[in-house]
Amino acid sequence: MIVERGTRGKLGKYFNLNDALIVTLKISGTATYDFCCFGVDANDKLSDDRYMIFYNQLSSPNGEIVGTEISNGMNFSVKLNDLPQTIQKLVFTASIDGNGTMGEISRHEILIGNELSANFGGGDFQQEKAITSLEIYRKNGEWRFNVVARGFNGGLDALLAFYGGEQADEISTTEPEKISPPNNPPAPKKISLEKKISEGAPKLISLVKPLKVELEKRNLLDVVARVALVLDISGSMSGSYYDGTVQEIVNKILPVAVQFDDDGELDFWYYGSRCERRPSVNMKNYEKAVPRTWEDLMSKLGYGNNEPVVMREVVDEYETSDLPAYVVFVTDGGISKTAQIKQLLIDASYLPIFWQFVGVSGSGYGILKDLDSMSGRYVDNANFFALDDFRSVPNNELYSRLLNEFPAWLKACKSNGVFDGSAKNNRSTPPSEKSFGDKIKGIFGF
2 MIVERGTRGK LGKYFNLNDA LIVTLKISGT ATYDFCCFGV DANDKLSDDR
52 YMIFYNQLSS PNGEIVGTEI SNGMNFSVKL NDLPQTIQKL VFTASIDGNG
102 TMGEISRHEI LIGNELSANF GGGDFQQEKA ITSLEIYRKN GEWRFNVVAR
152 GFNGGLDALL AFYGGEQADE ISTTEPEKIS PPNNPPAPKK ISLEKKISEG
202 APKLISLVKP LKVELEKRNL LDVVARVALV LDISGSMSGS YYDGTVQEIV
252 NKILPVAVQF DDDGELDFWY YGSRCERRPS VNMKNYEKAV PRTWEDLMSK
302 LGYGNNEPVV MREVVDEYET SDLPAYVVFV TDGGISKTAQ IKQLLIDASY
352 LPIFWQFVGV SGSGYGILKD LDSMSGRYVD NANFFALDDF RSVPNNELYS
402 RLLNEFPAWL KACKSNGVFD GSAKNNRSTP PSEKSFGDKI KGIFGF
């Protein structure tokens, strides 16, 4: 039977669990792939690393899990009923050893015995370096399965760090990289996000767990950054203001700022034909971020779309920042100032600014849909995705998409001199005495 992503079921319905169950993972592609089974406890942690089965350790202590390397993959022979009670879940993963992404694979095949199979292609993933393929877990005394098939940033070392194992020399000669700007002192230990939100904005507590899961997957828990939200308030956005979508956007972005920014502040702009910076949003005032008289603000700022005018203000704010800036830019489309937006992104690619564009209930996204193929930038500094209905998207999926490309940008900036300012020396035009923001103003006559 062919199953799809997200399929769950009882294994006893299909198999005699007194016999060994064979799980097979295969990937066809141009990279080198590693396959692994993590036996984790009730806290999803690898508390006994003898139950990590991979190319350098092919059997658990008593042979309950045995791995066999095959062409393009690995077979795992699992005696579920022989596993100790400390092992509550088996997580089957695939990761890339070296260069490449899971978006480039031809095919990923998951087989459970001779009864269940699932197939995925590169289009089912993006820039991730690993995939959580399958989970087999205990529930109410029974063994069940979940076809996860979700991408995971980082390779085998990042997966190991996520499940709480200790790095061994056989796996990698370096520890998982903590992504943070160079030349900054180590960040002080943070108060937990749960504690901050539960005390400051308890209505948002349900957002913490899905956000933390995605932060942990991407090694972003220790990142310190400024966070900004730019909201379209053009005339075509009226419906999203009326039905509460815009306030929901504020609600769901605020925990990101609480996590990344030591002050827990969300820098905030509205834009239409003109733009206006508003007071920073925090846990005390977030419910008032969208004014009751938003129609008056819409009228004040005009009813059109002028992305460059607000992008310039964002550049002015962060071009000399000592911290990276993560900018969530929300629009319903109608993008027309293609040349100006492109040039702004090219010029800003030398600066510590990452642009996460999000389309909400709109169309006509123009150049934003072509960001992945945009040439001329020093580093890839922008990403875009569109949502038909922001409020109906599961929180884990939303945060996964919001944070998907941010880690790769941080890493590129760290190695290319963006954080220490030396990247500006690599611009095609010589530096002038004017600020970088003034240079951009001059280009477009602002």
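Each residue of the sequence shown is one higher than the one before, counting from 2 in the numbering used here.
Every residue gets a Cβ at the ideal spot worked out from N, C-alpha and C, and that includes glycine.
For clarity, every value in this text was computed on a predicted model and none was experimentally measured.
- Around the CB of R9, fewer than 16 other CB atoms lie within 10 Å, so the residue is classed as exposed.
- The continuous beta strand (DSSP E) containing Q357 extends over residues 354 to 364.
- DSSP, reduced to helix, strand and coil, places F126 outside both helices and strands of the structure shown, so it counts as coil.
- Counting the other CB atoms within 10 Å of its CB gives Y243 a total below 16, which places it among the exposed residues.
- In this structure S322 is not in contact with R428, their Cβ atoms being roughly 18 Å apart against a cut-off of 8 Å.
- Looking at the backbone, the Cα of R139 and that of A43 are separated by about 10 Å.
- In the DSSP assignment, the residues bridged to K90 are V41, Y138.
- Out of N220, F391, N397, L12, the CA that lies nearest to the CA of V79 is found in L12.
- According to the DSSP secondary-structure assignment, R6 is paired through a beta bridge with no residue.
- According to DSSP, residue pairing for F36 in a beta bridge involves A95.
- Relative to the Cα of L26, the nearest Cα in the group M103, E105, A119 belongs to A119.
- Selection R275, A290, R151, S281 evaluated against D262 yields S281 as nearest (Cα-Cα).
- Secondary structure note for L411: its alpha helix (DSSP H) is the uninterrupted segment 407 to 416.
- Below 8 Å, too few C-beta pairs join the stretch 269 to 276 and the stretch 395 to 404 to call them touching: fewer than three.
- Of the other Cβ atoms in all chains shown, 16 or more fall within 10 Å of the Cβ of Q341; this residue is therefore buried.
- DSSP places F386 inside the beta strand (DSSP E), whose first and last residues are 383 to 388.
- Only buried fits S401, as 16 or more other CB atoms lie within 10 angstroms of its CB.
- Segment contact: the stretch 126 to 142 against the stretch 94 to 101, three or more CB-CB distances shorter than 8 Å; contact assigned.
- If you look at E200, you'll find it in the alpha helix (DSSP H) that goes 194 to 201.
- Spanning the alpha carbons of F93 and K343 requires a straight line of approximately 41 Å.
- For the set E116, G142, I111, L59, the Cα lying nearest the Cα of I88 is the one of G142.
- Beyond the five residues adjoining it in sequence on each side, G334 comes within less than 7 Å, by CB distance, of G360, G363, S364, G365, Y366 in the same chain, given in chain order.
- D45 and K210 have their alpha carbons spaced roughly 14 Å apart.
- In the three-state DSSP reduction, M53 falls in the strand class (E or B).
- Listed as beta-bridge partners of S60 by DSSP are V67.
- Taking the C-beta atoms as reference points, R6 is found no nearer than 8 Å to V214.
- DSSP, read as helix, strand or coil, puts D223 in coil.
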